[in-house]
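Sequence order for the protein chains is A and B.
1 is the number of the first residue of the first sequence in the working numbering; add one for each residue after it.
1001 is the number of the first residue of the second sequence in the working numbering; add one for each residue after it.
There are 2 protein chains.
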Amino acid sequence: MTPDTTPAELEQALTDAAEAAAPLAASAPAERAGWIRAVADALDAAADELVPIGMRETSLPEARLRGEVARSSGQLRMFAEVLEEGSLLEVVIDTADPNAKPVPRPDLRRVLVPLGPVLVFAASNFPFAFSVCGGDTASALAAGCPVVVKAHPGHPELSVKTAEVMMEALRTAGAPAGTFGLIQGYDVGVNALKDPRITAAGFTGSVPAGKALHEIAVTRPEPIPFYGELGSLNPVFVTQAAIDARGKDIASGYVASYTLGVGQFCTKPGLLFLPAGHGLQEQLVEATGGVAAATMLNERIAEGFASGLDRLRKVDGLRVWSEGGGATLLQTTVPELLARSDEILEECFGPVSIVVEYASVDELVAGVEAFGGNLTATLHAEAEPDAELAARLLPLLTARAGRVLWNGWPTGVAVSWAQHHGGPFPSTVGSIHTSVGVTAARRFQRPVAYQDTPDAVLPAVLQDKNPAGISRRVNGTITTAEVSR
Amino acid sequence: MTPDTTPAELEQALTDAAEAAAPLAASAPAERAGWIRAVADALDAAADELVPIGMRETSLPEARLRGEVARSSGQLRMFAEVLEEGSLLEVVIDTADPNAKPVPRPDLRRVLVPLGPVLVFAASNFPFAFSVCGGDTASALAAGCPVVVKAHPGHPELSVKTAEVMMEALRTAGAPAGTFGLIQGYDVGVNALKDPRITAAGFTGSVPAGKALHEIAVTRPEPIPFYGELGSLNPVFVTQAAIDARGKDIASGYVASYTLGVGQFCTKPGLLFLPAGHGLQEQLVEATGGVAAATMLNERIAEGFASGLDRLRKVDGLRVWSEGGGATLLQTTVPELLARSDEILEECFGPVSIVVEYASVDELVAGVEAFGGNLTATLHAEAEPDAELAARLLPLLTARAGRVLWNGWPTGVAVSWAQHHGGPFPSTVGSIHTSVGVTAARRFQRPVAYQDTPDAVLPAVLQDKNPAGISRRVNGTITTAEVSR
């Protein structure tokens, strides 16, 4: 058990972060890209040391954790590339227009600047990709913000070792001292969140914890943005045509997805809507029964799962199809779901999912409409026969989710330009933001517009000559060219 | 006096807005652009009817209000153009990459979709540009959100007439019923803000009102984003070299700026930092004395200004340089300011400003550092002799403001791509967002990523053929071309 950060250590971490803010903000994007690449390289180089610690502390298998290290370092490199290309700064230049109506327009040059020190609450379920070296950290560093990570108690030694690797890499690469720090302890995290030196926070975890921290952040004397990823059910809706075409694949894909990583994914499909008479019960029960029991991330999560299962077993209208091995499969119908949606639509984190049978397309639509905000919503359909039905369902899914999948499974979140990992409340607080993908950095950047400022004193990225050749929007059009004024 | 909206009327307005959300979200961007242009045209056509009502209700002069109408209609047309060009949707497409490491990457297509019904709290000081037909409304409509405006009680008849013009234009152009609505009354606004059908809110007004409404919005059972523009001091810093080069112009520009519109601009320069021995006192006093008394926007604002002046007059270290006409000029020094910064750095809305004299560059820097968040910060300097000083001050101003001006005056906010009207708390809650300029729409949009979805069921803007030829980022590069997959 790692001891909590002491008040003196917390004070030092916050002071260091605050002092790093100005030099980080002043650093050239390419310089920052270099520091971030150094962290990525160091993580990859330390994988052999870090992964075994993670295996011991989280019970996750080696291949999964190695994949996570690669994902985390790849994510850092993606941000480095986009920093160099320049899009991350969203430079917009409108040159002066003395003839503009109703009044002449000055020269305006807008760039995104870092907010300042960012507090990251690490998650338990991805000890690399959503923890110390995860997406919140990577995007905040790319934005140019010092980062203080509040370690998750589920993998304390891994957190400390990962932080050491990162700090050493940053130091060697020449990043300002205080660019990165680690703190431990729940109350310590709350105190950091209340500190005026912290300018934004990212969080991945449970709905109650996320709501409590959100309220602290937004009701401080100086409110700060709080980006929380809370809970998500990730429903999957399957049409009759999809069952006819590939019912067996859907059944096996579903069980594999909801039991992946012992069901401990934010994107675990919590419900599968099937047409009545699907004929897949036997296969689903068999596949579920074949899932080997596995240790969950930690005691608290295992206890939460056990009590969540107990709760679900007692809900009227929910029937157990398979239990006792490494996963539990429940079953209900749309009318029963609608009658007890509050009880049935409460996330249970772990290897459990619910098959919901619908008797008509209207029931399927009613099932979709029963949902609030989710990270993902999935439709399994066949393009031709389901064209009309898909056109009806897609807008309903879009209104409820941040990512809409077609004939896939929500577990697994690609890191790319177009990715969006977020969604309407309660899947996140802050549905306009993503915690994965290039635009995740925007959470930690604010725009500044310079008016009529001479080239010589402007930040280099805003200067006429565009010395680094970055991508900028000039008078409405994206270009890497020089500006004349 | 216009009566408050009744509970039944509010219920109807919210129901109408909620029902308009889906058809608005489904509308093609070009279709929405047409509706928005129709509103712009109708406003221009109604100027002769609306402006006299505004003059009577706000005491603002005709030319100013006609300028505001043109600014508002121009702003609507800007959003219509950007909708057609496509950038407002921020379409990002990453085609599938089966060879991606560590795992194959699916086809992902990200687009910004509307949040849903938006509540706009209108401001008093810009009865067009930040009121019923102002920037919050324009940007939310552009985003595809139904808008419910809570009218400001300072110009009730103008609010009703403006809303009628807008609603008739939207109806005639074929926009969904419920696209726009108007409500009146403080408690009515609060009730609307608490209603689960409202998905975001914009506000321009005082710090206490903004903080109270912000807290309601973010602590609802389902928290929503609240974009509030609250208070700003907009300090102006003048170097010795600038005084030497054009002291008289600076003095006259300053008085004109802080008394513009009876000092009722959010961007009014509240403090002017001058080097001791500037020799401009006589000119500043004379110019201030020459400002004609004028009626303020309403009784409440006039009373607030009178009590604010009383308060300032009693602050130790603040001396009156000129008072009694249409404006009041106070004076202090940096050491006195630092000794009583809490009292001196409290916004007083109206035609008053404070000259702050500094005895050294270090005092000037200390003066800059005394400020928290502001909408604007201005430097008057001479490029050559002040190169070093400007390089020292610019980062400090950047850290404190959303717009940094060089040798200009902060009053007047151009509407363009590069504009940013926002800033660190307390100038706004939500410093990462702007209420003016193209990106203002982002406050009311959330991303959705479609994974592996067939072309035929995708929204047209995401389809391979790019039927409307909009601007999209494909595999990292901006293009208007077709996508092959």
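For every residue, glycine included, the Cβ atom is placed at its ideal position computed from N, Cα and C.
Computed from a predicted structure; not experimentally measured.
Chain B within 8 Å of residue i, Cβ atoms only
{"i": "Asn191 (chain A)", "result": "no"}
{"i": "Ala441 (chain A)", "result": "no"}
{"i": "Glu222 (chain A)", "result": "yes"}
{"i": "Tyr254 (chain A)", "result": "no"}
{"i": "Pro106 (chain A)", "result": "yes"}
{"i": "Gly74 (chain A)", "result": "yes"}
{"i": "His420 (chain A)", "result": "yes"}
{"i": "Pro454 (chain A)", "result": "yes"}
{"i": "Lys465 (chain A)", "result": "no"}
{"i": "Ala30 (chain A)", "result": "no"}
{"i": "Gly270 (chain A)", "result": "no"}
{"i": "Val457 (chain A)", "result": "yes"}
Among the options, the one whose alpha carbon lies nearest that of residue i
{"i": "Pro426 (chain A)", "options": "A:His214, A:Val352, A:Gln331", "result": "A:His214"}
{"i": "Ala1456 (chain B)", "options": "A:Arg472, A:Pro454, A:Glu384, A:Gly412", "result": "A:Glu384"}
{"i": "Gly253 (chain A)", "options": "A:Asp244, A:Gln264, A:Val236", "result": "A:Val236"}
{"i": "Ser206 (chain A)", "options": "A:Gly261, A:Thr480, A:Phe265, A:Ile478", "result": "A:Phe265"}
{"i": "Ile36 (chain A)", "options": "A:Ala18, A:Arg105, A:Gly144", "result": "A:Gly144"}
{"i": "Ile1478 (chain B)", "options": "B:Asp1048, B:Glu1084, B:Ala1046, B:Ile1093", "result": "B:Ile1093"}
{"i": "Val1352 (chain B)", "options": "B:Gly1373, B:Phe1305, B:Ser1232, B:Gly1423", "result": "B:Phe1305"}
{"i": "Pro1335 (chain B)", "options": "B:Gln1451, B:Thr1328, B:Gly1317", "result": "B:Gly1317"}
{"i": "Ser484 (chain A)", "options": "A:Ala18, A:Thr95, A:Leu88", "result": "A:Thr95"}
{"i": "Leu1338 (chain B)", "options": "B:Arg1109, B:Arg1220, B:Glu1168, B:Ala1366", "result": "B:Ala1366"}
{"i": "Gln1075 (chain B)", "options": "B:Asp1136, B:Asn1298, B:Val1111, B:His1433", "result": "B:Asp1136"}
{"i": "Glu1222 (chain B)", "options": "A:Pro208, A:Gly174, A:Arg197", "result": "A:Pro208"}
{"i": "Asn1374 (chain B)", "options": "B:Asp1310, B:Cys1133, B:Ala1042, B:Gly1422", "result": "B:Gly1422"}
{"i": "Ala1017 (chain B)", "options": "B:Val1091, B:Gly1178, B:Arg1064", "result": "B:Gly1178"}
{"i": "Leu284 (chain A)", "options": "A:Leu297, A:Thr295, A:Thr259, A:Thr267", "result": "A:Thr259"}
Min CB distance residue i to chain A below 8 Å
{"i": "Gln1445 (chain B)", "result": "yes"}
{"i": "Glu1215 (chain B)", "result": "yes"}
{"i": "Tyr1227 (chain B)", "result": "no"}
{"i": "Trp1406 (chain B)", "result": "yes"}
{"i": "Arg1403 (chain B)", "result": "yes"}
{"i": "Leu1141 (chain B)", "result": "no"}
{"i": "Pro1176 (chain B)", "result": "no"}
{"i": "Thr1179 (chain B)", "result": "no"}
{"i": "Leu1260 (chain B)", "result": "no"}
{"i": "Tyr1450 (chain B)", "result": "yes"}
{"i": "Asp1136 (chain B)", "result": "no"}
{"i": "Ser1257 (chain B)", "result": "no"}
{"i": "Trp1035 (chain B)", "result": "no"}
{"i": "Arg1473 (chain B)", "result": "yes"}
Assigned exposure category for residue i - 16 Cβ within 10 Å defines buried
{"i": "Ser471 (chain A)", "result": "buried"}
{"i": "Asp195 (chain A)", "result": "buried"}
{"i": "Thr480 (chain A)", "result": "exposed"}
{"i": "Leu1006 (chain B)", "result": "Reading off the sequence shown, one finds Thr at residue 1006 (chain B), where the question assumed Leu. Exposed."}
{"i": "Pro1424 (chain B)", "result": "buried"}
{"i": "Asp1107 (chain B)", "result": "buried"}
Whole-angstrom distance between residue j and residue i, CA atom to CA atom
{"i": "Phe1371 (chain B)", "j": "Gly1270 (chain B)", "result": "12 Å"}
{"i": "Arg443 (chain A)", "j": "Tyr227 (chain A)", "result": "8 Å"}
{"i": "Ala1401 (chain B)", "j": "Thr1332 (chain B)", "result": "23 Å"}
{"i": "Thr376 (chain A)", "j": "Thr1239 (chain B)", "result": "55 Å"}
{"i": "Val118 (chain A)", "j": "Ala163 (chain A)", "result": "15 Å"}
{"i": "Ala391 (chain A)", "j": "Pro1225 (chain B)", "result": "30 Å"}
{"i": "Gln1012 (chain B)", "j": "Ala1192 (chain B)", "result": "11 Å"}
{"i": "Gly231 (chain A)", "j": "Ala1173 (chain B)", "result": "41 Å"}
{"i": "Ile1354 (chain B)", "j": "Asp1362 (chain B)", "result": "20 Å"}
{"i": "Leu1463 (chain B)", "j": "Gly202 (chain A)", "result": "A small correction: the amino acid at residue 1463 (chain B) is Gln; Leu does not occupy that position in the sequence shown. Looking at the two C-alpha atoms, the distance is approximately 33 Å."}
{"i": "Pro1146 (chain B)", "j": "Val1132 (chain B)", "result": "13 Å"}
{"i": "Arg56 (chain A)", "j": "Val291 (chain A)", "result": "21 Å"}
* To do: Starting from the N-terminal side, write out each stretch of the beta strand (DSSP E) that is 3 residues or longer and does not extend beyond the segment 222-262 of chain A.
  => 226-229, 236-238
* To do: Counting only runs of 3+ residues fully inside the segment 1123-1207 of chain B, write out the beta strand (DSSP E) ranges in chain order.
  => 1147-1150, 1180-1183, 1200-1204
* Asked: Can you list the alpha helix (DSSP H) stretches of 4 or more residues lying completely in the segment 1275-1326 of chain B, in chain order?
  -> 1281-1289, 1299-1313
* Kindly provide the ranges of any alpha helix (DSSP H) runs that are 4 or more residues long and lie completely inside the segment 1341-1390 of chain B, ordered along the chain. => 1341-1344, 1361-1369
* Which ranges would you report for the beta strand (DSSP E) in the segment 52-115 of chain A if only whole runs of at least 3 residues count? -> 92-94, 108-114
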